[in-house]
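*Asks:*
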Amino acid sequence: MAILVTGGAGYIGSHTCVELLNEGYEIIVLDNLSNSNDEALRRVKEITGKQFKAYNIDLLDKEHVTNVFKENKIDSVIHFAGLKAVGESVSDPLRYYKNNVTGTITLCEVMQQFEVKKLVFSSSATVYGASGNNIPITEEARIGATNPYGRTKHMIEEILQDVYRSDNEWSIALLRYFNPIGAHKTGRIGEDPSGIPNNLMPYIAQVAVGKRQELQVFGNDYPTRDGTGVRDYIHVDDLAAGHIKALKKIQITNGVDAFNLGTGKGYSVLEMVNAFERATNQKVPYRMEERRPGDAAICYANPSKARKLLGWQPTRDIDVMCEDTWRWQYNNPNGYEIVKETNKASKSPVQQHAADFLMPK
Ligand code: NAD
Ligand code: WQD
């Protein structure tokens, strides 16, 4: 029996694939590569020394998703596939609702058809909105996403609650990630944003490697220790480990439950810059800018529910998060881009791998 990993070629998905393979799971990846590169999957195989099937399929394509379930014995699904850029979701909301919400509905329809009722879903702390909640944030906090991306996550959570209400055999974990950063310790896989990074850590890393001139710090007049925004940064490998714990939990209990995956510690933007400089010995020039609209002053998790019910606890501190980010960035200054270029040339080993990526039948 296999675990289907949608969005498995992406940032968090690829790290979770490594963790799953290392734990002995059989996995099948489904990804349309809209925001990723199949080189990430080649490196997952390289890191783990294990093979797995990967399908280049869009979740909206029900016929091909159905074929994946026909061709394989799938036991549970970890569902990462989705679009995630907040700004883009404001300018193109329909694309976000269609991809994220309709994609999830299609997936669940096919799961239902094949009697696969165990699902781990990538939700986000963004469902809590930017203000009005007590800090640290528990799972009982008021839900109030402030942008279309966040609302897709909230809607999907509601849909999954209804799916469970209609059929109590479903077992669903809603994992609300805080701010995932870092990379696998080998430096072979990591976050590869396309274009200008939206998020703090990839931006800092690109400044340090010389791809960008300076960091813009969005706001220094927040009611925080140094005036800059505070967030809960979590190592992507700790996050990946959280998925394994959730997967184990949904094997033994039915229901639908939400879990915060964060460390419970908040760091300001300037503290992150300092931590990165200290851990990597690189300078990160920055300048102060206006606040970014929609940003919260402070957001960090109360992760005690995940600790109690999943037995999950993050183990990597901020120094490790920075060191691992830097190892990835330094060794891959253009992310997987070089490989994208190589892919275009004929008869490269990478192209050979691209042929391994299964196309829909
Ligand atoms: P990512 O973009 O690196 O990975 C998402 C993957 O899904 C990509 O490989 C993309 O090609 C694939 N995909 C998107 N739409 C698809 C579709 N219709 N069919 C098939 N594949 C599709 O993003 P990530 O950072 O790894 O995030 C994974 C999940 O976690 C997303 O659902 C995201 O919303 C959620 N999340 C991310 C963060 C974060 O800060 N990175 C925080 C909270 C939640
Ligand atoms: C962190 C802090 C910024 C960039 C976002 C999404 C959220 C979730 C995680 C998916 C804030 C500041 C940032 C920069 C800066 N994703 N900053 N200069 O906003 O907490 O969350 O990613 O679910 O939905 O909204 O993360 O990394 O963008 O920002 O000063 O160039 O860094 O203002 O205080 P955020 P972030």
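End of the sequence shown = 378 in this note's numbering, gap-free, step of one.
Beta carbons are placed, not taken as given, at the ideal position from N, Cα and C, and that holds for glycine.
Since we're looking at a predicted model, the values are computed, not measured.
Do residue 76 and residue 45 come within 7 Å of each other at the CB atom, strictly closer than that value?
*Replies:* Counting from one through the sequence shown, the residue named residue 45 turns up at place 28. Counting from one through the sequence shown, the residue named residue 76 turns up at place 59. For residue 45 and residue 76, no; Cβs fall outside 7 Å.
*Asks:* Residues in its own chain within less than 7 Å of residue 262 by CB, not counting five upstream and five downstream?
*Replies:* Walking along the sequence shown from the start, residue 262 turns up at place 245. Excluding sequence neighbours, residue 262 sits near 327, 328 and 329.
*Asks:* Answer with buried or exposed for residue 227, where buried requires no fewer than 16 other C-beta atoms within 10 angstroms of its C-beta.
*Replies:* To locate residue 227, count along the sequence shown from 1; it is residue 210. Exposed: under 16 other Cβ atoms inside 10 Å.
*Asks:* Report the start-end ranges of each alpha helix (DSSP H) in the region 43-127 that is 4 residues or longer and not cut off at the edges.
*Replies:* Segments of the alpha helix (DSSP H) lying fully in the region 43-127: 55-65, 79-88, 103-108 and 110-113.
*Asks:* Which residues in the same chain as residue 287 place their Cβ atom closer than 6 Å to its Cβ, once the five residues preceding and following it in sequence are excluded?
*Replies:* In the sequence shown, the residue the question calls residue 287 occupies position 270. Excluding sequence neighbours, residue 287 sits near 243 and 245.
*Asks:* Which residue or residues does DSSP assign as beta-bridge partners of residue 244?
*Replies:* Locating residue 244 in the sequence shown gives position 227, counting from the first residue. None; residue 244 has no bridge partner.
*Asks:* Looking only at DSSP bridge pairs, what is residue 276 linked to?
*Replies:* Here residue 276 is taken as the residue at index 259 of the sequence shown, counted from 1. DSSP lists 192 as partners of residue 276.
*Asks:* Taking only heavy atoms of the ligand NAD into account, decide whether any of them is closer than 6 Å to the Cβ of residue 165.
*Replies:* As a working note, residue 165 is residue 148 in the sequence shown. For the ligand NAD, not one heavy atom lies less than 6 Å from the Cβ of residue 165.
*Asks:* Terminal residues of the continuous beta strand (DSSP E) containing residue 250?
*Replies:* For the purposes of this step, residue 250 is taken as the residue at position 233 of the sequence shown. Here the beta strand (DSSP E) through residue 250 covers 250-252.
*Asks:* Less than 8 Å between the CB atoms is what I'm expecting for residue 91 and residue 81, so what's the real figure, rounded?
*Replies:* Position 74 of the sequence shown holds residue 91. Position 64 of the sequence shown holds residue 81. Going by Cβ atoms, the distance from residue 91 to residue 81 rounds to 14 Å, so no, they are not a contact pair.
*Asks:* In this structure, what does DSSP give as the bridge partners for residue 234?
*Replies:* As a working note, residue 234 is residue 217 in the sequence shown. DSSP lists 305 as partners of residue 234.
*Asks:* Is it the case that the Cβ atoms of residue 301 and residue 224 are separated by a distance below 7 Å?
*Replies:* Indexing the sequence shown from 1 puts residue 301 at position 284. Indexing the sequence shown from 1 puts residue 224 at position 207. Yes, the Cβ-Cβ distance between residue 301 and residue 224 is below 7 Å.
*Asks:* Using a Cβ-based criterion (distance less than 6 Å to any ligand heavy atom), does residue 26 qualify as near the ligand NAD?
*Replies:* Against the sequence shown, residue 26 aligns to sequence position 9. Yes, Cβ of residue 26 sits closer than 6 Å to a heavy atom of the ligand NAD.
*Asks:* May I ask you to check if the CB of residue 249 is nearer than 6 Å to at least one heavy atom of the ligand WQD?
*Replies:* By 1-based counting over the sequence shown, the position of residue 249 is 232. No - the ligand WQD has no heavy atom lying nearer than 6 Å to the Cβ of residue 249.
*Asks:* Just the C-alpha distance for residue 24 and residue 50, rounded to the nearest angstrom, thanks.
*Replies:* The residue you call residue 24 lines up with position 7 of the sequence shown. The residue you call residue 50 lines up with position 33 of the sequence shown. The alpha-carbon atoms of residue 24 and residue 50 are separated by roughly 8 Å.
*Asks:* Can you give the Cα-Cα distance for residue 370 and residue 59, rounded to whole angstroms?
*Replies:* Position 353 of the sequence shown, counted from the first residue, corresponds to residue 370. Position 42 of the sequence shown, counted from the first residue, corresponds to residue 59. Bear in mind that a pLDDT of 38 at residue 370, under 50, signals an unreliable position, so the number given afterwards is only what the model happens to contain. Their Cα atoms are separated by approximately 7 Å.
*Asks:* Could you please give me the residues that DSSP links to residue 131 through a beta bridge?
*Replies:* Along the sequence shown, read from residue 1 onward, the residue named residue 131 stands at position 114. Residue 131 is not bridged to any residue.
*Asks:* Ordered along the chain, which non-local residues of its own chain (more than five positions away) have a Cβ less than 6 Å from that of residue 247?
*Replies:* Start at 1 with the first residue of the sequence shown, and residue 247 comes out as number 230. Correct list, in chain order: 241, 283, 285 and 315.
*Asks:* Mind checking which residues open and close the beta strand (DSSP E) that includes residue 22?
*Replies:* By 1-based counting over the sequence shown, the position of residue 22 is 5. It spans 19-23 - the beta strand (DSSP E) in which residue 22 sits, taken as one unbroken run.
*Asks:* Under 7 Å Cβ to Cβ from residue 237, same chain only, skipping five residues before and after it: list those, please.
*Replies:* Numbered from 1 along the sequence shown, position 220 holds the residue referred to as residue 237. The residues are 244, 245 and 305.
*Asks:* Does the contact criterion of 3 or more C-beta pairs under 8 Å hold for the region 103-120 versus the region 60-74?
*Replies:* Touching, no.
*Asks:* Compare the Cα-Cα distances from residue 214 to each of 201, 324, 233 and 204 and report the closest residue.
*Replies:* Position 197 of the sequence shown holds residue 214. Taking only the C-alpha atoms, the option nearest residue 214 is 233.
*Asks:* Among residues of its own chain, excluding the 5 on either side of residue 268, which ones have a beta-carbon nearer than 8 Å to its beta-carbon?
*Replies:* Sequence index remark: in the sequence shown, residue 268 carries index 251 (1-based). Within the same chain, residue 268 has close Cβ partners 93, 135 and 188.
*Asks:* What is the rounded straight-line gap between the Cα of residue 204 and the Cα of residue 347?
*Replies:* Residue mapping note: residue 204 aligns to position 187 of the sequence shown, counting from 1. Residue mapping note: residue 347 aligns to position 330 of the sequence shown, counting from 1. Rounded to the nearest angstrom, the two C-alpha atoms are 9 Å apart.
*Asks:* Just checking my contact of residue 277 with residue 322 at CB under 8 Å: how many whole Å lie between their CB atoms?
*Replies:* Position 260 of the sequence shown, counted from the start, is the residue given in the question as residue 277. Position 305 of the sequence shown, counted from the start, is the residue given in the question as residue 322. The Cβ separation is near 7 Å, so the contact holds.
*Asks:* Taking residue 72 as the reference, which of 221, 325, 264 and 85 has the closest Cα?
*Replies:* Sequence index remark: in the sequence shown, residue 72 carries index 55 (1-based). Cα-wise, what sits closest to residue 72 is 85.
*Asks:* Hey, is residue 312 close to the ligand WQD, as in C-beta under 6 Å from one of its heavy atoms?
*Replies:* Taking the sequence shown and counting its residues from 1, the one referred to as residue 312 is at position 295. Yes; taking the cut-off as 6 Å, the Cβ of residue 312 has a heavy atom of the ligand WQD nearer than that.
*Asks:* Could you give the first and the last residue of the continuous alpha helix (DSSP H) run that contains residue 223?
*Replies:* The count along the sequence shown starts at 1 and reaches residue 223 at position 206. Segment 217-225, the alpha helix (DSSP H) holding residue 223.
*Asks:* Can you round the beta-carbon distance between residue 111 and residue 67 to whole angstroms, since I take them to be within the 8 Å contact cut?
*Replies:* The residue given as residue 111 occupies position 94 in the sequence shown. The residue given as residue 67 occupies position 50 in the sequence shown. No, residue 111 and residue 67 are not in contact; Cβ-Cβ is about 39 Å, not under 8 Å.
*Asks:* Can you check which of these residues, 54, 19 and 28, is closest to residue 200 by C-alpha distance?
*Replies:* The count along the sequence shown starts at 1 and reaches residue 200 at position 183. When each option's Cα is compared against that of residue 200, the closest is 28.
*Asks:* Given a threshold of 16 other Cβ atoms within 10 Å of its Cβ, counted over all protein chains shown, does residue 340 qualify as buried or as exposed?
*Replies:* Along the sequence shown, one-based indexing puts residue 340 at 323. Looking at its Cβ environment, which holds 16 or more other Cβ atoms inside 10 Å, residue 340 is buried.
*Asks:* Taking the alpha-carbon of residue 192 as reference, which of 185, 208 and 170 has the nearest alpha-carbon?
*Replies:* Reading the sequence shown from its first residue, position 175 is the one you call residue 192. Nearest of 185, 208 and 170 to residue 192, Cα basis: 170.
*Asks:* List the DSSP bridge partners of residue 142.
*Replies:* Within the sequence shown, the letter at position 125 stands for residue 142. According to DSSP, which records beta bridges pairwise, residue 142 is partnered with nothing at all.
*Asks:* Verify the contact flag: residue 98, CB atom, against every heavy atom of the ligand NAD, threshold strictly below 6 Å.
*Replies:* To locate residue 98, count along the sequence shown from 1; it is residue 81. For the ligand NAD, at least one heavy atom lies less than 6 Å from the Cβ of residue 98.
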